[in-house]
Amino acid sequence: MERPNGNPLRSREWFDTPELYGWLREAAFMAQGHETESYRGKPIIGICNSWSELTHCNAHLRELAEAVKRGVWMAGGYPMEFPVMSLGEYNMRPTTMLYRNLMSMDVEESIKANPLDGVVLLGGCDKTTPALLMGAASADIPAILVTGGPQLKANWRGEELGSCTDCRRYEIELRAGRITEEDWSELQTCIVRSPGHCMVMGTASTMAAMSEAMGIALPGNATIPAVDSGRARLAEAAGRQIMRVVEQGLTPSKIMTRPAMENAIRTMHAIGGSTNAIVHLTAIAGRLGVDLPLSV
Numbered sequence: 025m026e027r028p029n030g031n032p033l034r035s036r037e038w039f040d041t042p043e044l045y046g047w048l049r050e051a052a053f054m055a056q057g058h059e060t061e062s063y064r065g066k067p068i069i070g071i072c073n074s075w076s077e078l079t080h081c082n083a084h085l086r087e088l089a090e091a092v093k094r095g096v097w098m099a100g101g102y103p104m105e106f107p108v109m110s111l112g113e114y115n116m117r118p119t120t121m122l123y124r125n126l127m128s129m130d131v132e133e134s135i136k137a138n139p140l141d142g143v144v145l146l147g148g149c150d151k152t153t154p155a156l157l158m159g160a161a162s163a164d165i166p167a168i169l170v171t172g173g174p175q176l177k178a179n180w181r182g183e184e185l186g187s188c189t190d191c192r193r194y195e196i197e198l199r200a201g202r203i204t205e206e207d208w209s210e211l212q213t214c215i216v217r218s219p220g221h222c223m224v225m226g227t228a229s230t231m232a233a234m235s236e237a238m239g240i241a242l243p244g245n246a247t248i249p250a251v252d253s254g255r256a257r258l259a260e261a262a263g264r265q266i267m268r269v270v271e272q273g274l275t276p277s278k279i280m281t282r283p284a285m286e287n288a289i290r291t292m293h294a295i296g297g298s299t300n301a302i303v304h305l306t307a308i309a310g311r312l313g314v315d316l317p318l319s320v
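All the letters of the sequence shown, read from the start, carry residue numbers 25 to 320 under the working numbering.
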């Protein structure tokens, strides 16, 4: 397979070298059980995985990575998974925003430094998705985003609850003496019911929807629950789709254009999304050199 400009696959630049290093890189792959003929001539697709047991939003991404791999195999590519930082709102101190740009650098350099022809980005939590998109934008090789999906909604004593939107409300009730410590402990057992990002229209849900609107994520990506089987099917479809994206040479700079970002802003308004998304969207725009003033 060749890129649209007729040049060989980007990954071949690492292996088709006259000096020692191409030979040595193939030897290193052999050490992991990869026969040279298994990936020669095939696009190598990176699976950029922010899975972590410290981030419940992303705790199921290891399974989704396997679904992505199936899709890549089916479409004739060669998947290779690699880890990046994972920014979890619940555990990281003092704030995940402190690390968003650092994660984006991790993503960018991991992509640029390795023999990859395309990349599938796996994330979910609030700052993880923007960091993935910022890093992919700077690396600018063909990419698709797959988010982890929303967690199951909470239900307590017949009332539907939304992650920490309602935990803050009930903390006030506790402090006011309107619920007991026993009530508070009972609520703790059901406020976060599964892996996945917050199911309310917070930053994570908003960024997932806006990514769809920009075309960097597949239709339906934002709404399928994290633990629904449809999430794995979508991940598999993304594995197939990234092969088409590589074939067509569709890099983030060709997808996340000014009109695409304006469409994302319209979507944010339509769904009543988090205004935090503007902070992240302008950062993504800056990586691509897109002029996106606040007065759009």
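For every residue, glycine included, the Cβ atom is placed at its ideal position computed from N, Cα and C.
Pick from the options that is closest to residue i, judged by C-alpha positions
| i | options | result |
| --- | --- | --- |
| Ala288 | Met238, Asp40, Arg36, Asp252 | Met238 |
| Met280 | Asn179, Asp164, Cys214 | Asp164 |
| Asn37 | Ile71, Val251, Asp141 | For the record, residue 37 in the displayed sequence is Glu; it is not Asn. Answer by Cα proximity: Asp141. |
| Ala294 | Met225, Ala261, Ala241 | Met225 |
| Asn73 | Ser62, Leu126, Gln56, Val92 | Val92 |
| Val131 | Ser187, Gly70, Ala261 | Gly70 |
| Glu184 | Arg199, Met223, Thr204 | Met223 |
| Gly244 | Pro103, Ala155, Ile135, Val170 | Val170 |
| Lys136 | Arg124, Gly159, Gly148, Ile203 | Gly159 |
| Ala83 | Gly57, Arg199, Gly148 | Gly148 |
| Glu286 | Leu305, Arg264, Val269 | Leu305 |
| Pro103 | Gly46, Glu260, Arg290, Gly296 | Glu260 |
Short Cβ contact (8 Å threshold) for residue i with residue j
| i | j | result |
| --- | --- | --- |
| Leu157 | Ser229 | no |
| Ser110 | Ser76 | yes |
| Gly172 | Gly220 | yes |
| Leu48 | Ala89 | no |
| Ala284 | Met292 | no |
| Arg255 | Ile248 | yes |
| Ile215 | Ala167 | no |
| Val251 | Leu176 | yes |
| Ala178 | Arg117 | no |
| Ala161 | Arg311 | yes |
| Thr120 | Asp150 | yes |
| Ser128 | Ala155 | yes |
| Thr204 | Ser298 | no |
Rounded separation between residue i and residue j - CA only
| i | j | result |
| --- | --- | --- |
| Arg193 | Val144 | 37 Å |
| Pro67 | Arg257 | 22 Å |
| Cys4 | Ala232 | Here the chain comprises residues numbered 25 to 320, so residue 4 is not present and cannot be evaluated. |
| Val96 | Glu43 | 31 Å |
| Gly65 | Arg94 | 19 Å |
| Gln212 | Thr275 | 43 Å |
| Cys81 | Ile196 | 25 Å |
| Phe106 | Gly186 | 32 Å |
| Ala51 | Arg282 | 43 Å |
| Asp40 | Ser319 | 49 Å |
| Asn115 | Val314 | 33 Å |
| Arg209 | Gly112 | The residue asked about is misnamed: residue 209 is Ser in this sequence, not Arg. Their Cα atoms are separated by approximately 23 Å. |
| Gln272 | Ala307 | 26 Å |
| Leu33 | Met54 | 20 Å |
| Leu122 | Val303 | 13 Å |
| Leu78 | Asn125 | 19 Å |
| Pro28 | Thr153 | Low local confidence applies: a pLDDT of 49 at Pro28 is under 50, so the model's placement there is unreliable, with the coordinate-based value given in what follows. Going from the Cα of Pro28 to the Cα of Thr153 covers about 28 Å. |
| Glu326 | Ala200 | Beyond the ends of the chain as shown, which are 25 and 320, falls residue 326; an answer cannot be given. |
| Lys278 | Leu85 | 27 Å |
| Ala246 | Ala262 | 13 Å |
| Pro139 | Tyr63 | 11 Å |
| Glu61 | Trp180 | 56 Å |
Contact with chain B by residue i, beta-carbon distance below 8 Å
| i | result |
| --- | --- |
| Ala246 | In summary, chain B is missing from the structure at hand, where a single protein chain is found. |
Quiz prompt | Within the region 73-136, ranges of the alpha helix (DSSP H) (whole runs, at least 4 residues) | solution = Listed in chain order, the alpha helix (DSSP H) elements of length 4 or more contained wholly in the region 73-136 are 85-98, 121-136.
Quiz item: For the region 160-240, which segments carrying the alpha helix (DSSP H) assignment without a break, of at least 4 residues, lie completely within its bounds, in sequence order?
Solution: Listed in chain order, they are 187-199, 205-212, 227-238.
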